[in-house]
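Undergrad: One structure is given below, represented as structure tokens, and several questions about it will come after.
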Amino acid sequence: MADAAGRAVKERTLFGHPIGLSYLFTTEMWERFSYYGMRAILIYSLVNYLLLQPTSDSVVGYHALKHFFELIYNGGQPLAPQPLSSLIYGNYTSFVYLTPIIGGMIADRWIGQRNSVIIGAVIMAAGEFTLMVPQLFFLGLLLLIIGNGFFKPNISTQVGNLYKPGDHRIDSAFSIFYVGINLGAFFSPLICGTLGEAYGYHWGYFAAGAGMVLGLISYLFALRTLPEDRAGRLKKKTEVKTPMTGEDWKATIALFLLFIPGSLFWAAYEQQGNTIALFAQNLTDRRLIPGLVNWEIPYTWFQSFNPAFIMLFTPLVVGFWSWQSKRGKEPSVLTKMALGNIMMGLSYVVMIGAVSFTGAHEQVSWLWLLAFFAVITMGELYFSPIGLALTARVAPPQILSMMMGVWLMTSFVGNQLQGFLGKYFSIVSKQEFFLMCAGVGLFAGIVFWLFNFPLRGILESRANRHKEKPAG
């Protein structure tokens with residue numbers, strides 16, 4: 041790092057990482073608190089309140105949106121509240137991951153990553169508070185979609201910008217960053233969900249908006265610790281614009297090929313906030329210890345199981361990879377991602393067992409859901425942070441934010457599929473539904489494993505080229 045005069049400045053660190061990582065960690069923690077707090081009550085507020093008459097008639101845009109979804113997804117036939125809520129949920133959670141590719145391009149070419157994050161945080165805070173007004177609910181969702189497009193790719197990219205090419209700390213940095221994401225995601229259902237269940241969903245959305253404001257404040261404090269982003273360096277002409285090389289194009293094409301199986305992961309994974317949430321509310325015996333401790337776990341709290349397991353499992357998984365690496369047995373990046381998809385598919389095998397062993401007309405023990413979240417979380421750790429780190433390492437610097445947006449856009453396609461699959465939750469048997477989700481995960485895992493053969497050399501040579509560069 042250098043100051044304005046070009047003199048070397050000693051890097052400020054905390055726990056062996058640049059101090060800026062701590063601020064980005066805090067910013068992302070509060071943003072994820074906001075997002076997952078809102079998500080914890082979204083499907084419930086739709087099914088239990090907004091989509092029921094007479095409330096639905098007062099929501100601006102409801103009838104037009106319902107007619108559109110019936111025409112596009114259901115052959116013009118009427119949609120009941122559950123299938124309609126699944127499509128609304130799926131489209132919202134997909135479009136929040138489509139706009140990042142646009143936000144990444146805007147940051148790369150014009151306004152820079154810092155300004156993009158600030159703009160996105162302001163718009164998202166406004167969106168959360170707008171959700172408190174039922175009549176403007178869809179406007180609130182639209183604001184969240186737009187704001188996330190500015191925020192999401194540019195906060196992730198700045199984690200990578202803290203490290204010089206070849207710095208071995210970048211992988212652990214993304215794992216630490218991922219813990220920040222899930223720390224916010226863990227507490228948000230406990231706070232926003234509890235407020236939503238006990239006092240009304242609008243108070244849950246208020247808490248989510250307050251979290252986003254705290255995230256913005258954290259980022260403003262972070263600015264003095266972050267390296268100048270690429271747009272700023274170009275304005276000062278300290279960076280020479282170089283064309284894409286043949287190796288750059290090969291790496292870009294490889295990342296695009298991973299887009300398809302990456303999308304399938306999210307199609308099944310994101311059922312957690314949709315159909316699994318409804319399963320927790322309606323089909324789960326939530327008594328802590330039936331017959332002994334009959335206190336029921338609030339249904340929104342089940343959304344905290346996944347982030348809790350992430351924080352518990354992350355050091356174990358990272359330590360296991362380190363142990364494998366020392367013995368020369370660490371799997372390739374694509375093998376890890378294949379294993380992640382397979383484990384995600386197996387989590388739905390757990391749900392098939394839950395329904396099969398319990399009986400079609402009985403509530404299943406909440407312990408089955410605990411096992412489901414444990415398995416799907418292990419799959420996530422082998423997939424999601426690996427994909428972020430791979431993109432940061434392999435993508436050409438000229439289009440880094442855009443490619444981060446492309447990787448995040450796998451969630452756009454995946455969540456479109458998630459919403460479409462979710463509409464069958466109340467139509468087919470639960471065994472058939474969970475078998476469908478398991479098949480999606482297992483198929484994606486096989487595709488990732490097969491991609492090892494044509495793509496492994498390209499991706500590893502790109503990553504190794506960065507490792508071989510001198511740290512200075």
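First residue of the sequence shown? That's 41 in the working numbering, and the numbers climb one at a time after it.
By construction, the Cβ of each residue, glycine as well, lies at the ideal position given by its N, Cα and C atoms.
Computed from a predicted structure; not experimentally measured.
1) Mind reading off the beta-carbon distance from F452 to L138? Whole number of angstroms is fine, and I expect it under 8 Å.
2) Buried or exposed: which applies to T278, given that a residue is buried once 16 or more other Cβ atoms fall within 10 Å of its Cβ?
3) Excluding the 5 residues flanking M164 on each side, which residues of the same chain have their C-beta closer than 6 Å to its C-beta?
4) Considering only C-alpha positions, which residue in the set W289, G255, G167 and L298 is nearest to F493?
5) Quick check on DSSP: helix, strand or coil for P521?
6) Taking just the CA atoms, how far does A320 sit from V100?
7) Out of E237, S362 and T324, state which residue places its alpha-carbon closest to the alpha-carbon of I83.
8) If we require 4 or more residues per run, which alpha helix (DSSP H) segments fall completely within the region 111–140?
9) At 4 residues or longer, and completely inside the region 64–111: list those alpha helix (DSSP H) runs for me, N to C.
10) Taking only three categories from DSSP, how would you classify R52?
11) So G130 and Q456 are in contact, right, with Cβ under 8 Å, and what is the actual spacing, rounded?
12) Just list the residues that DSSP pairs D325 with in beta bridges.
13) Using a threshold of 8 Å, state whether the C-beta atoms of F466 and Q122 are closer than that.
14) List the DSSP bridge partners of V333.
15) If you measure between the beta carbons of L440 and T197, is that distance less than 8 Å?
16) Counting only the same chain and skipping the five closest in sequence on each side, list residues whose C-beta sits under 7 Å from that of K106.
17) When burial is assigned at 16 or more other CB atoms within 10 Å of the CB, is L90 buried or exposed?
18) In or out: S424 buried (at least 16 other Cβ within 10 Å) or exposed?
19) With the cut-off set at 8 Å, would you say L202 and L61 are in Cβ contact?
TA: The structure says:
1) Here the question's residue 452 lines up with position 412 in the sequence shown. Here the question's residue 138 lines up with position 98 in the sequence shown. About 4 Å separates the two Cβ atoms, so the contact holds.
2) Counted from its first residue, the sequence shown places residue 278 at position 238. With a pLDDT of 49 at T278, under the threshold of 50, the predicted position of this residue should be treated as unreliable, though the coordinate-derived value follows. Classification for T278: exposed.
3) Counted from its first residue, the sequence shown places residue 164 at position 124. Correct list, in chain order: L184, G187 and M252.
4) Along the sequence shown, one-based indexing puts residue 493 at 453. Of W289, G255, G167 and L298, the residue nearest in Cα terms is L298.
5) As displayed, the chain neither begins before 41 nor continues past 512, which places residue 521 out of reach and without an answer.
6) Counting from 1 along the sequence shown, the entry for residue 100 is found at position 60. Counting from 1 along the sequence shown, the entry for residue 320 is found at position 280. Going by the C-alpha atoms only, they are around 30 Å apart.
7) For the purposes of this step, residue 83 is taken as the residue at position 43 of the sequence shown. For the residues E237, S362 and T324, the minimum Cα distance to I83 belongs to E237.
8) 121–135
9) 95–98
10) What you label residue 52 is simply residue 12 of the sequence shown in a count that begins at 1. Residue state, collapsed to three classes: coil.
11) The residue you call residue 130 lines up with position 90 of the sequence shown. The residue you call residue 456 lines up with position 416 of the sequence shown. Confirmed, about 6 Å.
12) To locate residue 325, count along the sequence shown from 1; it is residue 285. D325 pairs with S405.
13) Numbered from its first residue, the sequence shown carries residue 466 at position 426. Numbered from its first residue, the sequence shown carries residue 122 at position 82. Just to set this straight, residue 466 is Ser in the shown sequence, not Phe. Cβ atoms of S466 and Q122: closer than 8 Å.
14) Here residue 333 corresponds to residue number 293 of the sequence shown, with the count starting at 1. The partner list for V333 (beta bridge, DSSP) reads I329.
15) Along the sequence shown, read from residue 1 onward, the residue named residue 440 stands at position 400. Along the sequence shown, read from residue 1 onward, the residue named residue 197 stands at position 157. Yes.
16) Position 66 of the sequence shown, counting from 1, holds the residue named residue 106. Within the same chain, K106 has close Cβ partners L119 and L124.
17) The residue given as residue 90 occupies position 50 in the sequence shown. Buried.
18) The count along the sequence shown starts at 1 and reaches residue 424 at position 384. Buried, since its Cβ has 16 or more Cβ neighbours within 10 Å.
19) Against the sequence shown, residue 202 aligns to sequence position 162. Against the sequence shown, residue 61 aligns to sequence position 21. For L202 and L61, yes; Cβs fall inside 8 Å.
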